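Per the numbering used here, the sequence shown starts with residue 5, numbered consecutively. The C-beta atom is built at its ideal place from N, Cα and C for all residues, glycine as well. Treat the numbers as computed from the prediction; the structure is a model and nothing was measured. What follows is one structure encoded as structure tokens, with my remarks underneath.
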Amino acid sequence: MALDSVHEMYWEQCGNPTGEPVVFLHGGPGVGASPKDRRFFDPNHFRVVLFDQRGAGRSTPLGELTDNTIDHLVDDIERLRESLGIDRWHVFGGSWGSTLALYYAQCHPNRCRSLILRGIFAMRQWEIDWWLNDMGRIFPEAWREFVEHLPENERNDLLENYYWRLTSEDFEEQLAAAKVWSRYEGVCCTLLPNPQFQAAFERPEVALGVARLEAHYFRNNRFTPDDLLLQQVDKVRHIPAIIVQGRYDIVCPIATADELHR
């Protein structure tokens, strides 16, 4: 689906063509949807719609930052819904996907049958600081590798100095930084070592999307005010919702899910 003169969005659907519609919102930002994401849904019951957000996965161009904001993503979801002739659908999102799901629901509550949210992330400053620095308290080896990719005189501002490498005109510099950034996240995503999962995060087609888009959103696309998603929860309080949260989720700490629940 052509979105504008820059972006083209990959989407697919599976399951029961006449079943209850559900849209899957992937994480990252930048990870993209994968075949295993279909396993969340009973194909006999649900009409499952999956897509890769701007700059992610099979959407093109990979890692593109132009006209890439959460408001653009919300508009893309609406365009996809309308093109498929769906009036209302269930909205399923995990990690960054939960951020996008909550914001989409707050913008278009009348289009949501229910919300299924997993691993809640509200993109607040403390959550970004936790990702950049404090996950190192749990995974110090991975954090040291992440930090030491930068020269010592640039380690006082990890986000800013990674951002400039990830947007460098030198593709090899971009890719090197992206692999380190994405490997750090891949290691911290699982409580026990999972080499296969970590290797997937280091593939160039994953690493470039994840690292460029995460750095871009963390730096340039923050909510105002910082806790907007929680402040606006009354807009979606009437929508049936399920929150699924791992107590030992290191990337998306349980504190945010607890706040949202309360």
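Simplified DSSP assignment, three categories, for residue i
i      : result
Arg159 : coil
Ser186 : helix
Pro257 : coil
Ile222 : Correcting the residue identity first, residue 222 is Phe in this sequence and not Ile. Residue state, collapsed to three classes: helix.
Cys111 : helix
Thr103 : helix
Phe28  : strand
Phe143 : coil
Cys116 : strand
Asn165 : helix
Ser172 : coil
Ser38  : coil
Val191 : helix
Phe45  : coil
Pro208 : helix
Ala126 : coil
Gln236 : coil
Asp79  : helix
Pro199 : helix
Ile90  : coil
Gln178 : helix
CA-to-CA distance, residue j to residue i, given in whole angstroms
i      : j      : result
Gly123 : His30  : 12 Å
Asn20  : Arg42  : 12 Å
Val95  : His112 : 11 Å
Leu69  : Gly23  : 35 Å
Glu173 : Leu179 : 11 Å
Glu177 : Leu170 : 7 Å
Gln236 : Leu104 : 14 Å
Phe28  : Phe55  : 7 Å
Val240 : Glu152 : 43 Å
Pro197 : Val191 : 7 Å
Leu162 : Asp91  : 43 Å
Val184 : Asn160 : 17 Å
Beta bridge counterpart(s) of residue i as assigned by DSSP
i      : result
Leu121 : Gly97, Ile247
Arg51  : Gly19, Pro25
Ala6   : Glu12
Thr64  : Glu12
Residue environment, residue i, which counts as buried when at least 16 other CB atoms sit within 10 Å
i      : result
Arg187 : buried
Phe50  : buried
Ala146 : buried
Ile120 : buried
Glu189 : buried
Asp262 : exposed
His242 : exposed
Of the residues the options, the one placed nearest residue i, counting alpha carbons only
i      : options                : result
Ala245 : Ile258, Gly97, Trp135  : Gly97
Arg223 : Tyr108, Thr73, Ala109  : Thr73
His76  : Tyr108, Ser102, Leu88  : Tyr108
Ser99  : Pro229, Arg141, Glu218 : Glu218
Pro47  : Met127, Arg62, Cys18   : Cys18
Pro33  : Gly61, Val27, Ile120   : Gly61
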